[in-house]
Amino acid sequence: MADKYMSLPPKRVKMKDILLPVGTRIKFTKTLTSGPDEFSPGNLYAEKDDLGVVVGHDCWEGHRVKWDKWDAPFGAVHGDEFTQYYGEE
Numbered sequence: 001m002a003d004k005y006m007s008l009p010p011k012r013v014k015m016k017d018i019l020l021p022v023g024t025r026i027k028f029t030k031t032l033t034s035g036p037d038e039f040s041p042g043n044l045y046a047e048k049d050d051l052g053v054v055v056g057h058d059c060w061e062g063h064r065v066k067w068d069k070w071d072a073p074f075g076a077v078h079g080d081e082f083t084q085y086y087g088e089e
């Protein structure tokens with residue numbers, strides 16, 4: 001009983017600190033856009049609830065991902081902007 005009393009609960013790891021393997025299917029949890037500026041009228045990167053895939057980890061957001069409806073990959077934060085997708089397509 002003493003061992004159980006003295007044990008600590010497991011540490012929780014933030015989702016953004018978990019790197020998903022390349023090829024993992026994902027679901028976007030929010031619409032990702034960039035606003036207009038002097039170079040562009042703005043971009044739509046992904047729509048909420050649409051699917052994509054992890055293609056790398058070479059960005060400050062942690063994951064380089066690709067939306068199924070757009071060819072160019074971009075950086076996104078796991079747990080904030082997307083989650084792992086477990087459903088069927």
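Residues 1 to 89 in this note's numbering are what the sequence shown spells out, letter by letter.
Cβ atoms here follow ideal geometry from the backbone N, Cα and C, with glycine treated the same way.
All of these numbers come straight from a predicted model, not from anything done at the bench.
| Check | Outcome |
| --- | --- |
| Integer Cβ distance of Gly62 from Val77, believed to fall under 8 Å | 6 Å |
| Closest Cα partner of Tyr85 within the set Asp58, Asp17, Ile26 | Ile26 |
| Through-space distance from Asp49 to Lys69, alpha-carbon basis | 12 Å |
| For Lys27, the three-state DSSP class (helix, strand or coil) | strand |
| Proximity test, Cβ basis, 8 Å: Lys66 and chain D | Absence of chain D from the displayed structure is noted, only one protein chain being present. |
| Beta-carbon proximity check, Glu81 vs Phe28, cutoff 8 Å | yes |
| Phe39 classed as buried or exposed, judged by whether at least 16 other C-beta atoms fall within 10 angstroms | exposed |
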